[in-house]
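**Student:** Quick note: to get our numbering, add 2 to the position in the sequence shown (first position is 1).
Backbone N, C-alpha and C fix where the C-beta goes; we use that ideal spot for every residue, glycine too.
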Amino acid sequence: MSISQRIKEKIDIVDFISSYVKLTRSGKNYIGLCPFHNDHNPSFTVSPEKQLFYCFGCKEGGDVIKFLMKIEHLSYREALAQLGRRVGIEIDETGGESTGGIREFYKVNDLVTKYFYLILMEPQYGKTAREYLARRGIKKETIDTFRLGYAIASWNALQKFLERKGVSLEIQEILGLIINDKETGKTYDRFRDRIIFPIIDITGHTLGFGGRVLDDSLPKYINTPETPIFRKGQILYGLYQTRDEIMKKDQAIIVEGYMDCISLYQAGIKNVVASMGTAFTREQGLALKRIAKDIVIAFDTDTAGDLAVIRGANVLREVGCNVRIARWSVFKDPDEFVRNQGPIVFLDIINRAKPFLDYMLDLLINRYDISTLEGRVQFFQEFFPLLRTEPRISVQRAYLDKIATIGKIPPEILYREFDVFYVSRKKEFEVTSISALSWMQREDIDTLRERLERQLLFFALNDIKFLNIIKQLLQPDIFTIKEYREIYERLLQWDFDSGGFETEDDRLSSIIAQINISEQIELSENTLYETINRLNGIILQKKKEELIKELELAEKSGDVERTKELASKIQELTKEIFSIGERRMSVNG
Ligand SMILES: [Zn+2]
Numbered sequence: 003m004s005i006s007q008r009i010k011e012k013i014d015i016v017d018f019i020s021s022y023v024k025l026t027r028s029g030k031n032y033i034g035l036c037p038f039h040n041d042h043n044p045s046f047t048v049s050p051e052k053q054l055f056y057c058f059g060c061k062e063g064g065d066v067i068k069f070l071m072k073i074e075h076l077s078y079r080e081a082l083a084q085l086g087r088r089v090g091i092e093i094d095e096t097g098g099e100s101t102g103g104i105r106e107f108y109k110v111n112d113l114v115t116k117y118f119y120l121i122l123m124e125p126q127y128g129k130t131a132r133e134y135l136a137r138r139g140i141k142k143e144t145i146d147t148f149r150l151g152y153a154i155a156s157w158n159a160l161q162k163f164l165e166r167k168g169v170s171l172e173i174q175e176i177l178g179l180i181i182n183d184k185e186t187g188k189t190y191d192r193f194r195d196r197i198i199f200p201i202i203d204i205t206g207h208t209l210g211f212g213g214r215v216l217d218d219s220l221p222k223y224i225n226t227p228e229t230p231i232f233r234k235g236q237i238l239y240g241l242y243q244t245r246d247e248i249m250k251k252d253q254a255i256i257v258e259g260y261m262d263c264i265s266l267y268q269a270g271i272k273n274v275v276a277s278m279g280t281a282f283t284r285e286q287g288l289a290l291k292r293i294a295k296d297i298v299i300a301f302d303t304d305t306a307g308d309l310a311v312i313r314g315a316n317v318l319r320e321v322g323c324n325v326r327i328a329r330w331s332v333f334k335d336p337d338e339f340v341r342n343q344g345p346i347v348f349l350d351i352i353n354r355a356k357p358f359l360d361y362m363l364d365l366l367i368n369r370y371d372i373s374t375l376e377g378r379v380q381f382f383q384e385f386f387p388l389l390r391t392e393p394r395i396s397v398q399r400a401y402l403d404k405i406a407t408i409g410k411i412p413p414e415i416l417y418r419e420f421d422v423f424y425v426s427r428k429k430e431f432e433v434t435s436i437s438a439l440s441w442m443q444r445e446d447i448d449t450l451r452e453r454l455e456r457q458l459l460f461f462a463l464n465d466i467k468f469l470n471i472i473k474q475l476l477q478p479d480i481f482t483i484k485e486y487r488e489i490y491e492r493l494l495q496w497d498f499d500s501g502g503f504e505t506e507d508d509r510l511s512s513i514i515a516q517i518n519i520s521e522q523i524e525l526s527e528n529t530l531y532e533t534i535n536r537l538n539g540i541i542l543q544k545k546k547e548e549l550i551k552e553l554e555l556a557e558k559s560g561d562v563e564r565t566k567e568l569a570s571k572i573q574e575l576t577k578e579i580f581s582i583g584e585r586r587m588s589v590n591g
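This is the structure we're talking about:
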């Protein structure tokens, strides 16, 4: 049995959801007000029998893992880990069950976090580091919140400490706490004479560390290298401390450095995270998108910052975030800014942060002289592809008008220039609207067909015996609804020895919950055969309609041979359809 199934087996969905939603019994299900949309009548249904939920209002649905993902804005892995902890199953970074190793890694890192913290607080050893933090305005309370620490200027203090605690050198090396010099074979502590910033995941475990020097020596910062539990691209510094505040404000401010994050937090601007110094990744973007609508990038003001801003903003926009850019002059980073000007002025900068397109427009207008032809071409080449990503035509127009005014270019010329960039997309659009139209005209028969396909899938989802019957009697292309076909194809590939079917796909899991909760048809072999017959009937009926159309054409053109041929084909089809009706009646009887 898969790990997710073992966890789900130990949790009752009705119990679990009851701690979030007031549920009342209704027939064999429970109903309540949906937590995912503004619900006035209870449209939210939980089935204890199927262990699924489904909302008839907003069409959200799935199993207990999906529910926790949606309600707490977690990724699949995070939700699974949280549920696992409830029932005593630890999940590692890959989503599998923790072997002793991963649990041990967390334990060691948590121990090291405490060790560095205690040294920072130690009257003698931690004195210079505490003085340094005090000079930078960091309070004791903030040190506690972020679990800051200090590594003394020793080559093996940590190593010795961990040895006394029974942690092997091998584990210390895997976790990047010590460095093994391959030439001399000697090992030494990675972090020496540095302020320590533990990097904590949202469950509160330390994944790795950042270390900063107390003076101007280089490198200013060093980090834990990639380890089995520390993957830079997946982590946002500060998220453990700031997640609730980000959700409450529905806004996340992204800064570059640990100190920026801590400084803002201490100044009362608590909806902030720090990128881990490397290029912003999709995973980080998705983690933010789940918890906040408004993302504001507040990176350093140097030119490297400019590039990082554009790159970061692009990643965030690709995953669907609404991105704004905060810029200012004089102070080099948010830490310096807020220490000099205080939080109110900084918040003002955040509030006035520009939408990404405005920011890019200003930047490119400054870079290119659009009063010259050459400058204009370069400007178009960089700005138009960005503008194309804006879905609202009216907004696109507004930008073009703005450019027209700045460059003293007639707006019509700009519209036409932009349309050239646009042609390919427009064609795509026309094609979809035509197919949408023809779809509408066939609504009736297709509604019926969709219902039958849904019933068929309901059988397939509920018993492998039914799935096997369907597999034998029908081709996979019997499903015309794309999602149904996808589910059916996944079912065919599923290894049922490993447990019941499930999927992490957001869209498909909602549809599966919908079918399982709302479908009323009786699950018996007889009703399955009836459904298959009716589907076959519809397919033949459609074929017959096509042949009749062909027949009419053949008659008009006076093609006697063809007319005869078609007429006999239609007769055969009619017989077949009739016999299906007979079979159905005998099944019903
Ligand atoms: Zn709903």
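Could you pull the start and end residues of the alpha helix (DSSP H) that Q268 belongs to?
**Tutor:** Here the alpha helix (DSSP H) through Q268 covers Y260 to Q268.
**Student:** Any C-beta of chain D sitting closer than 8 Å to the C-beta of E247?
**Tutor:** Considering every chain present, this structure includes no chain D. It has just one protein chain.
**Student:** Please say whether R292 and H75 have beta carbons closer to each other than 8 Å?
**Tutor:** Yes, Cβ-Cβ distance for H75 and R292 is below 8 Å.
**Student:** Using DSSP with H/G/I as helix, E/B as strand and the rest coil, what is P345?
**Tutor:** helix
**Student:** Using only the heavy atoms of ligand 1, determine whether one of them is closer than 7 Å to the beta carbon of H75.
**Tutor:** no
**Student:** Going straight from the alpha carbon of E258 to that of Y78, what length do you get?
**Tutor:** 27 Å
**Student:** Any idea which residues DSSP pairs L171 with across the strands?
**Tutor:** DSSP output for L171 lists no bridge partner at all.
**Student:** In whole angstroms, what separates the C-alpha of V110 from that of A310?
**Tutor:** In this structure, the alpha-carbon of V110 lies about 34 Å from that of A310.
**Student:** Applying the 10 Å Cβ sphere with the 16-neighbour rule, what's the burial state of K272?
**Tutor:** buried
**Student:** What are the uninterrupted segments assigned as alpha helix (DSSP H) that are 4 or more residues long and contained completely in the stretch 454-517, given in chain order?
**Tutor:** Counting whole runs of 4 or more residues, the stretch 454-517 contains the alpha helix (DSSP H) stretches 466-475 and 484-495.
**Student:** Does the distance from the C-beta atom of P336 to that of S265 stay below 8 Å?
**Tutor:** yes
**Student:** Measure the C-alpha to C-alpha separation of E66 and I15 and round it to an integer number of angstroms.
**Tutor:** Per the sequence shown, the amino acid found at residue 66 is Val instead of Glu. Rounded to the nearest angstrom, the two C-alpha atoms are 6 Å apart.
**Student:** For ligand 1, is there any heavy atom lying closer than 7 Å to the beta carbon of F55?
**Tutor:** no
**Student:** Would you mind sorting I346 into buried or exposed? The rule is 16 or more other CB atoms within 10 Å of its CB.
**Tutor:** With fewer than 16 other Cβ atoms within 10 Å, it is exposed.
**Student:** Relative to ligand 1, is the shortest distance from any of its heavy atoms to the C-beta of C60 smaller than 7 Å?
**Tutor:** yes
**Student:** With a threshold of 7 Å, establish whether the CB of D41 neighbours any heavy atom of ligand 1.
**Tutor:** yes
**Student:** Ligand 1 and S49: does the residue's C-beta get closer than 7 Å to at least one heavy atom of that ligand?
**Tutor:** It does not: the Cβ of S49 is nowhere closer than 7 Å to a heavy atom of ligand 1.
**Student:** Would you say the beta carbon of F46 is closer than 7 Å to some non-hydrogen atom of ligand 1?
**Tutor:** yes
**Student:** Would you decide whether P387 is buried or exposed? Buried here means 16 or more other CB atoms lie within 10 Å of its CB.
**Tutor:** exposed
**Student:** Give the range of the beta strand (DSSP E) segment to which T391 is assigned.
**Tutor:** First-last for T391: undefined, no H or E at that position.
**Student:** Here's a check: name, in chain order, each residue in its chain whose Cβ is nearer than 8 Å to the Cβ of G502, leaving out the five neighbours to either side.
**Tutor:** Q7
**Student:** Report the three-state DSSP secondary structure of K356 (helix, strand or coil).
**Tutor:** strand
**Student:** What is the rounded straight-line gap between the Cα of F107 and the Cα of N353?
**Tutor:** Distance between the alpha carbons of F107 and N353: 41 Å.
**Student:** Between which residues of its own chain and A614 is the CB-CB distance below 6 Å, once the five residues before and five after are set aside?
**Tutor:** Lying outside 3 to 591, the shown extent of the chain, residue 614 is not represented and no answer is given.
**Student:** For G287, name the three-state secondary structure that DSSP assigns.
**Tutor:** In this structure, DSSP gives G287 a helical state, which the three-state scheme calls helix.
**Student:** Could you spell out where the beta strand (DSSP E) holding V274 opens and where it closes?
**Tutor:** V274 to A276
**Student:** Assuming contact is defined by CB atoms lying nearer than 8 Å, are F69 and C57 in contact in what I supplied?
**Tutor:** no
**Student:** Should I436 go down as buried or exposed, given a rule of 16 or more other Cβ atoms within 10 Å for buried?
**Tutor:** Any reading at I436 must be qualified, since the residue scores a pLDDT of 33, below 50, and its modelled position is unreliable; the value itself is stated next. It counts as exposed.
**Student:** Please identify the residue among R313, K251, K546 and Q84 whose C-alpha is closest to the C-alpha of K295.
**Tutor:** K251
**Student:** Starting from I256, follow the alpha helix (DSSP H) in both directions and report where the run begins and ends.
**Tutor:** Not the alpha helix (DSSP H): I256 falls in the beta strand (DSSP E), residues Q253 to V257.
**Student:** Can you find a heavy atom of ligand 1 that lies under 7 Å from the Cβ of F38?
**Tutor:** yes
**Student:** Kindly list the residues whose CB is nearer than 8 Å to the CB of R492, restricted to its own chain and excluding five residues on each side of it in sequence; keep chain order.
**Tutor:** Exclusion of the five residues before and after R492 leaves F503, T505 and L510 as the residues of its chain whose Cβ lies within less than 8 Å of its Cβ.
**Student:** Once DSSP output is grouped into helix, strand and coil, what is the label at R196?
**Tutor:** Reduced to three states, the DSSP call for R196 is strand.
**Student:** Where does T130 sit, in a helix, a strand or coil, going by DSSP?
**Tutor:** helix
**Student:** Once you ignore the five residues that flank G486 on each side, which residues in its own chain have a CB closer than 6 Å to its CB?
**Tutor:** This sequence places Tyr at residue 486; Gly is not what is there. Within the same chain, Y486 has close Cβ partners E455 and L459.
**Student:** How many Å lie between F163 and T280 at the Cα?
**Tutor:** 31 Å
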